[in-house]
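Okay, so the sequence shown: first residue is 147 according to the working numbering, each after it adds one.
Heads up, the beta-carbon is just placed ideally off N, CA and C, and yes, glycines get one too.
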Amino acid sequence: MKVIKRILIIITIVIISTLITSNKAYAGKDYVSPSNIVNSAKDFLNDAGDGPEIINAKNGKSAVDQIYYIGLAIAIVAAVIIGIVLGIQFMTTGAAGQAKVKEKLIPFAVGALVVFGAFGIWKITYEALNKVL
């Protein structure tokens, strides 16, 4: 069990360091970095006093897209880490341990299906409502 915890900690450190050093996330057509987010916020605040419309469709779409892609990235990272942990447990345990891991695979698969299905429904609903409105 100590080996699995160490491997999980190493994988987590590698993923976090990769995310920190890359400093960019892909969201739709544009790259989103901390400086771009700050500049967009400043532009948004500067444009707020220019007219009656503070929040327009472009700003709303940008905010929803960022939330969507950040949530999807978190879900993917969580699914990959859990899958790796289950795979390592499956490879390192005996027959009884493998049976326990197989029991854990069903909730993992159902959870992944629910999470990614929810993101799919969110995206389809958002795009449909965007076209209607």
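| Query | Result |
| --- | --- |
| Figure out for me which residue from 255, 184 and 232 has the closest Cα to the Cα of residue 247. | 232 |
| Note down, one range per segment and in chain order, each alpha helix (DSSP H) of at least 4 residues found wholly within the segment 200-259. | 203-238 |
| Among 243, 218, 213 and 258, which has the Cα closest to the Cα of residue 228? | 258 |
| Using beta-carbon positions only, say whether residue 265 and residue 221 come within less than 8 Å of one another. | yes |
| Using the C-alpha atoms, what's the distance from residue 267 back to residue 213? | 15 Å |
| Find out if the Cβ-Cβ distance for the pair residue 149, residue 238 is shorter than 8 Å. | yes |
| Nearest to residue 261 by CA position, among 156, 181 and 224, is which residue? | 224 |
| Out of 235, 277 and 188, point me to the one whose CA is closest to residue 153's CA. | 235 |
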